[in-house]
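Enquirer:
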Amino acid sequence: MTIELVRPSRKVLPSYLEALNEGTFCNMALGNFADESPEEISKDPDDYINRISDESPRIVAMPDGSEFTVTEHSLLWLVDGERYLGSVSLRFSGDRDVIEEFGGNIGIAIRPALLNVGYGVKAAALAWRLAGPYFKERGINSIYISCNPTNFASRRLIEHNGGKLVKEKNDAFGTGPSLIFVIDLQ
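Heads up: the sequence shown at position 5 corresponds to 12 in our numbering, and the numbers run straight through without jumps.
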């Protein structure tokens, strides 16, 4: 088994579509962007891949009507060969207050059928290793990540990768509390 982070591709898309049929999860930090059904994606798969791979600045609308911008970002897929395991969203820059207070620099979503079997830990380790140098060359020596306090798997994942709890506050989407962690990059 060789698990790696790759750019979204047609090669892995059939497995990604299977994952969508397993249950709800998101592309993390796309602000409900590109959350079409497998049927809709299948109508124009190349367009879908191009849209989720587009790294141009993205405006994300909040429930209160406000908006924030993520100016540098990448969406990667965690794969084992051609099997889709999950998504990793890297948010390098944008509205810093929003990144530090709500969304964090990294978002991870594991395919529903594979939750709680260790893929999140592997995805996080790869994401931190990949993103660390990129952040550091921009003078960013620590990154922020958030999770819901009842999401024990995410909390363990963050803490396992060096996350230190810095605050608890209501999340940006009004769904309840959110824990904000900071991870110092090595």
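The beta-carbon is built from N, C-alpha and C at its ideal position, and this holds for glycine as well.
Is Arg58 helix, strand or coil by DSSP?
Expert: Arg58: helix per DSSP, three-state reduction.
Enquirer: Can you name the residues that DSSP bridges to Tyr151?
Expert: According to DSSP, Tyr151 bridges with Val189.
Enquirer: Just the C-alpha distance for Ser149 and Trp84, rounded to the nearest angstrom, thanks.
Expert: Their backbone Cα atoms lie some 23 Å apart in a straight line.
Enquirer: Suppose you measure from the CA of Ile117 to the CA of Ala134; what does that come to, to the nearest Å?
Expert: The straight-line gap from Cα to Cα measures roughly 13 Å.
Enquirer: Mind checking Lys18: buried by the 16 CB within 10 Å criterion, or exposed?
Expert: Answer is exposed; the Cβ neighbour count stays below 16.
Enquirer: What is the DSSP secondary structure of Asp53, reduced to helix, strand or coil?
Expert: In this structure, Asp53 counts as helix in the three-state DSSP scheme.
Enquirer: State the DSSP-derived secondary structure class of Ser100, mapped to helix, strand or coil.
Expert: Note: Ser100 maps to strand in three-state DSSP.
Enquirer: In whole angstroms, what separates the C-alpha of Gly93 from that of Ile115?
Expert: Taking the straight line from one Cα to the other gives about 7 Å.
Enquirer: Once you ignore the five residues that flank Met35 on each side, which residues in its own chain have a CB closer than 8 Å to its CB?
Expert: Low confidence applies to Met35: its pLDDT is 49, below 50, so where it sits in the model is not reliable, and the reading given next is rough at best. So the qualifying residues of the chain are Leu82, Ser94, Val95, Ser96, Gly114, Ile115, Ala116.
Enquirer: Which of the three DSSP states, helix, strand or coil, is assigned to Glu29?
Expert: Looking at Glu29 - three-state DSSP - the assignment turns out to be helix.
Enquirer: Rounding to the nearest angstrom, what Cα-Cα distance links Asp178 and Glu46 in this structure?
Expert: Rounded to the nearest angstrom, the two C-alpha atoms are 31 Å apart.
Enquirer: Excluding the 5 residues flanking Pro184 on each side, which residues of the same chain have their C-beta closer than 8 Å to its C-beta?
Expert: The answer, listed in chain order, is Asn155, Pro156, Glu175, Lys176, Asn177, Asp178.
Enquirer: Quick one, are the C-beta atoms of Gly111 and Ser153 less than 8 Å apart?
Expert: Cβ distance < 8 Å, so Gly111 and Ser153 count as in contact.
Enquirer: I'd like the list of long-range same chain contacts for Ser22, defined as Cβ closer than 7 Å, with 5 residues on each side in sequence excluded.
Expert: Counting only Cβ-Cβ distances below 7 Å, and skipping sequence neighbours, we find Glu89, Arg90, Tyr91.
Enquirer: In the DSSP assignment, the beta strand (DSSP E) including Val173 goes from what residue to what residue?
Expert: Counting along the chain, the beta strand (DSSP E) containing Val173 begins and ends at 171-177.
Enquirer: Do you know offhand how far Arg219's Cα is from Val77's?
Expert: Within the shown structure, residues of the chain are numbered from 8 to 193, placing residue 219 beyond reach of any answer.
Enquirer: By the DSSP assignment, the alpha helix (DSSP H) with Val128 in it spans what residues?
Expert: Segment 126-143, the alpha helix (DSSP H) holding Val128.
Enquirer: Please check the pair Ile56 and Ser16, which I expect to be a contact at CB under 8 Å, by giving their CB distance rounded to whole angstroms.
Expert: Contact flag correct, Cβ pair sits at about 7 Å.
Enquirer: Determine the burial state of His167: buried for a count of at least 16 other Cβ atoms within 10 Å of its Cβ, exposed for fewer.
Expert: That one is exposed.
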